[in-house]
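Participant: My questions will all concern the structure given below.
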Amino acid sequence: METSPTGTVRQLIREHYAQLTNSERKFAQALLDDYPGAGIASITAAAANAGVSTPTVARMVQKLGFKGYPAFHAALLSELQAKVSGPEARRAVWASEAPESHLLNRFAEAVTQNLRQTFTNIDAAQFDAAAKRLASTEGRLYVVGGRITRSLAEYAFTHFQAIRARVTHLTSSSATWPHYVLDMEEGDTLLIFDIRRYEDNLQRLAEIAAARGMHVILITDQWSSPIASVAEHAFNCWVEIPSAWDSNISTLSLVEALVAAAQEERWPDARERFERLDQLFELTRLFRKP
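Right, here's the structure in full:
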């Protein structure tokens with residue numbers, strides 16, 4: 001299969017979208033609207049469901065870099081399997097192909113590759129727009145994560161709260177979220193983390209926020225959470241490592257990049273806020289002097 005070495009089918013469509021004809025774009029949009037289900041069917045059924053011809057589908061998948069529809073179909077099935085795989089299945093994948101080198105070397109190589117792929121696939125304009133939104137105090141910023149990503153959400157909250165006012169960290173218990181939703185308004189921003197296995201409660205929260213006119217910023221993995229369909233900005237982070245668990249290193253690096261960009265966006269107001277925060281730390285004597 002001749003594909004981009006770093007792209008999922010969704011990302012390949014985005015990369016090659018400008019090269020597609022109108023009919024090919026029609027199929028591409030149908031696939032994105034029901035991803036990856038619309039492409040799991042046979043080429044005849046997939047074309048009919050999208051209202052295009054079979055040759056149109058065949059030409060589009062070749063433009064994405066696939067030799068033919070079977071390879072395209074197999075790639076979507078592989079993505080679907082990756083989305084639903086648990087820790088045991090993930091370990092089996094890398095363990096069967098693990099080189100003889102030490103785990104530390106394999107881990108370092110995987111993490112480095114994840115970082116490279118993550119930052120290579122970030123659109124600079126989207127990043128700048130998201131950072132500007134996160135820095136803006138015209139609306140309140142809400143931050144939330146899931147079972148694994150709640151630590152990332154807390155990390156992001158701690159830094160954004162130091163940079164700007166009006167930041168709220170939603171608790172890990174979804175039963176309390178209606179209390180936060182009660183105060184959410186049009187123009188507010190929701191920074192949400194969701195990686196495989198994707199969480200239904202996070203998706204519902206994002207849908208409610210989007211319906212209220214909020215700006216939803218999603219940080220997810222390379223397979224992309226369903227929340228991407230309602231997100232104003234969605235960032236994909238590569239997470240696979242030689243482990244039964246996914247890595248948060250590239251995700252954390254993206255968070256730190258967004259924090260740094262938001263800080264610059266608010267400078268010198270952020271500097272003045274940092275100084276006042278240090279004064280409060282001094283008054284409360286929370287930290288030992290060097």
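Numbering-wise (the UniProt record's numbering), the sequence shown opens with residue 1 and increments by one. Cβ coordinates follow ideal geometry from the N, Cα and C atoms, glycine included.
Could you check how far apart the C-beta atoms of His215 and Thr189 are, in whole angstroms? I think they sit under 8 Å.
Facilitator: Contact holds; Cβ gap of about 4 Å.
Participant: Can you name, in chain order, every residue of its own chain whose Cβ lies under 8 Å from the Cβ of Gly39, other than the five neighbours on each side?
Facilitator: Correct list, in chain order: Val9, Leu31, Ala46, Phe72, His73 and Leu76.
Participant: Going by beta carbon distance, what residues of the same chain come within less than 7 Å of Thr44, once the five residues before and after it are set aside?
Facilitator: Answer for Thr44: Thr54, listed in chain order.
Participant: Would a C-beta distance cut-off of 7 Å place Ser172 and Asn201 closer than the cut-off?
Facilitator: Cβ distance not < 7 Å, so Ser172 and Asn201 don't count as in contact.
Participant: From what residue to what residue does the beta strand (DSSP E) around Asp221 run?
Facilitator: Unbroken beta strand (DSSP E) run through Asp221: His215 to Asp221.
Participant: Do you know offhand how far residue 326's Cα is from Gln126's?
Facilitator: Nothing about residue 326 can be read from this structure; the chain reaches only from 1 to 290.
Participant: What does the Cβ neighbour count give for Pro5, buried or exposed, with the cut at 16 atoms within 10 Å?
Facilitator: Reliability fails at Pro5, whose pLDDT of 31 lies under 50, so the model's placement of it is uncertain and the value that follows must be treated cautiously. Classification for Pro5: exposed.
Participant: Going by DSSP in three states, Leu141 sits in which element: helix, strand or coil?
Facilitator: Leu141: strand per DSSP, three-state reduction.
Participant: I need the DSSP call for Val9, collapsed to helix, strand or coil.
Facilitator: Three-state DSSP puts Val9 in a helix.
Participant: Cα separation between Arg197 and Thr149?
Facilitator: Distance between the alpha carbons of Arg197 and Thr149: 11 Å.
Participant: Evaluate the contact criterion for the segment 159-167 versus the segment 203-213: three or more CB pairs, one atom per stretch, below 8 Å.
Facilitator: Short answer: they don't touch.
Participant: Does the segment 105-125 come close enough to the segment 245-262 to have 3 or more Cβ pairs within less than 8 Å?
Facilitator: With a cut-off of 8 Å, the segment 245-262 and the segment 105-125 count as touching, because enough Cβ pairs lie within range.
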